[in-house]
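Enquirer:
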Amino acid sequence: MNSNMKWIVANVVLLIAFGIVAQATGNTVWWTAFGISVAVLGFFWWVVKPAMARRDDS
307 MNSNMKWIVA NVVLLIAFGI VAQATGNTVW WTAFGISVAV LGFFWWVVKP AMARRDDS
């Protein structure tokens with residue numbers, strides 16, 4: 307399993323977990339928290355990780 311697949315699986319698991327909690331509590335704050343966490347993780351994955359990889363190469 308490559309790193310992209312792990313990333314996709316992790317996001318799906320997170321989405322399901324937040325969805326279950328949101329349904330159980332009827333609270334949209336969980337969806338907001340999920341959106342923020344995905345945005346932060348996505349930023350690290352697409353911006354910080356490649357930058358660190360480039361730094362390691364040089």
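One rule links them: number in my numbering = place in the sequence shown (from 1) + 306. The C-beta atom is built at its ideal place from N, Cα and C for all residues, glycine as well.
#1: When DSSP labels each residue in this structure, what does Asn308 get in the three-state scheme?
#2: If you draw a straight line from the alpha carbon of Trp337 to that of Gly348, how long is it in whole angstroms?
#3: By how many angstroms is the C-alpha of Gln329 removed from the C-alpha of Ala357?
#4: From Asp362 to Trp352, what distance separates their C-alpha atoms?
#5: If the criterion is Cβ atoms closer than 9 Å, does the pair Phe350 and Phe324 meet it?
Expert: With the structure as the only source:
#1: Numbered from its first residue, the sequence shown carries residue 308 at position 2. If DSSP states are grouped into helix, strand and coil, Asn308 belongs with coil.
#2: Counted from its first residue, the sequence shown places residue 337 at position 31. Counted from its first residue, the sequence shown places residue 348 at position 42. Rounded to whole angstroms, Trp337 to Gly348 spans 16 Å at the Cα level.
#3: What you label residue 357 is simply residue 51 of the sequence shown in a count that begins at 1. What you label residue 329 is simply residue 23 of the sequence shown in a count that begins at 1. Computed Cα separation, rounded: 38 Å.
#4: For the purposes of this step, residue 362 is taken as the residue at position 56 of the sequence shown. For the purposes of this step, residue 352 is taken as the residue at position 46 of the sequence shown. Near 16 Å, if we compare the C-alpha coordinates of Trp352 and Asp362.
#5: Translated into positions along the sequence shown, residue 350 becomes position 44. Translated into positions along the sequence shown, residue 324 becomes position 18. For the pair Phe350 and Phe324, the CB atoms are not nearer than the 9 Å cut-off.
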